[in-house]
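Take a look at the structure set out below.
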Amino acid sequence: MKHRHSNISIFVPHIGCPNMCSFCNQRYITGTCKAPHGSDVEAAVKTAVKSGKCSPQNTEIAFFGGSFTAINRTYMVELLKTAAAFVEDGIVSGIRISTRPDAIDKEILGILKKYHVTSIELGAQSMDDRVLKMNNRGHTAEDVVNASRLIKEEGFSLGLQMMTGLYGDSDEQAVKTAEKIIAVKPDTVRIYPTIVLKGTDLAALYADGIYRPQTLDKAVRLASGLYCMFENAGVRVIRLGLHSIEKDAYIAGPWHPAFSELCQSQIMLNRLLAGIHDKGKYTVFVSPSSVSKMIGQSRKNIIFLKTRGYDCIVQPDDSIKGLDLKVRKEV
């Protein structure tokens, strides 16, 4: 049985972050306020192994949800020691952490390397200092660049996270952020649209009519374009949209449980439109796993194409991979 890459996710709440960003309420994103300990890490790994859904070659322990390298040093090492034992025993391949750009230095990287951390993700969010300040991020774009350089020099895999629709941001500025992130040459990127959650500064700004979140359609169009920018530059996009939020926490913004699929559907529509010109009937061949994406939710893409004079049917083709497609005009 072939295993895909998987994470055994351990969520560390907002205990290490020195800032309360405008959009952040970790409790509603991670669904937990309890700080995990070594015993929790051990239990999570054993549960994952028992499920049979992970393998030593393709599974990492991932500390997400907070600013991992900004938490108390003794506590951080406790978590790392427990996780490292599973790496040394060959049960998992490595450890992944997420943190702030201004919580990285050579000393920290030395500790992470000692305990078999292989991948570090930084919450860049924006590469515009004005936008970062307006959202109380507490770091600069230069901090992202410097931390990324150190991480790569020390041999870690680098991931960067960016957000769209931030307070004070624009689509044009988001594209510039993506260009600056590409220039840093990370291995992976996550793209998150900004969601208004209860108990945040953004919620107050929204209530006062000062902040307007993206619509779902606009967020999908922007994220789809950014996805293509990153992929064309050789940067792998590993996430589009938040994994989950608590239903009662949602106030406004482009939340959708299948946000990633909506973006992939938009990408396929854009690629099809770029390849057909004359109106008429077409057969569109896609990979079997992408048939529903090409059709779109509630047949949205097919309906849109028909309004433009393109009568399309979608067929699976085992020779086509990913989001690629082939088109045949019917007589």
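Residue numbering for the sequence shown follows this note's numbering, beginning at 1 and increasing consecutively. We treat Cβ as the ideally placed atom computed from N, Cα and C, and that holds for glycine.
- Under the three-pair Cβ rule at 8 Å, the region 223-230 counts as touching the region 184-192.
- Residue environment analysis places GLU121 among the buried positions, since at least 16 neighbouring C-beta atoms fall within 10 angstroms of its C-beta.
- For MET163, the three-state secondary structure derived from DSSP is strand.
- Within the DSSP bridge table, the entry for ASN270 names no partner.
- Boundaries of the beta strand (DSSP E) around ASN7: 6-11.
- Leaving aside the five residues that flank THR140 on each side, the residues in its chain whose CB is nearer than 6 Å to its CB run, in chain order, ASP129.
- Exclusion of the five residues before and after CYS263 leaves VAL220, ALA223, SER224, TYR227 and LEU240 as the residues of its chain whose Cβ lies within less than 7 Å of its Cβ.
- Around the C-beta of HIS116, 16 or more other C-beta atoms lie within 10 Å, and the residue is accordingly described as buried.
- According to DSSP, residue pairing for SER157 in a beta bridge involves SER119.
- The shortest CA-to-CA distance from ILE111 to any of SER298, LYS46, LEU79 and LEU205 is the one to LEU79.
- If the five residues before and after GLN57 are omitted, its C-beta is found closer than 7 Å to the C-beta atoms of SER93, all from its own chain and listed in chain order.
- Annotation note: the region 191-245 contains the following uninterrupted alpha helix (DSSP H) runs of length 4 or greater, listed N- to C-terminal: 201-207 and 216-232.
- DSSP links PRO316 through a beta bridge to VAL286.
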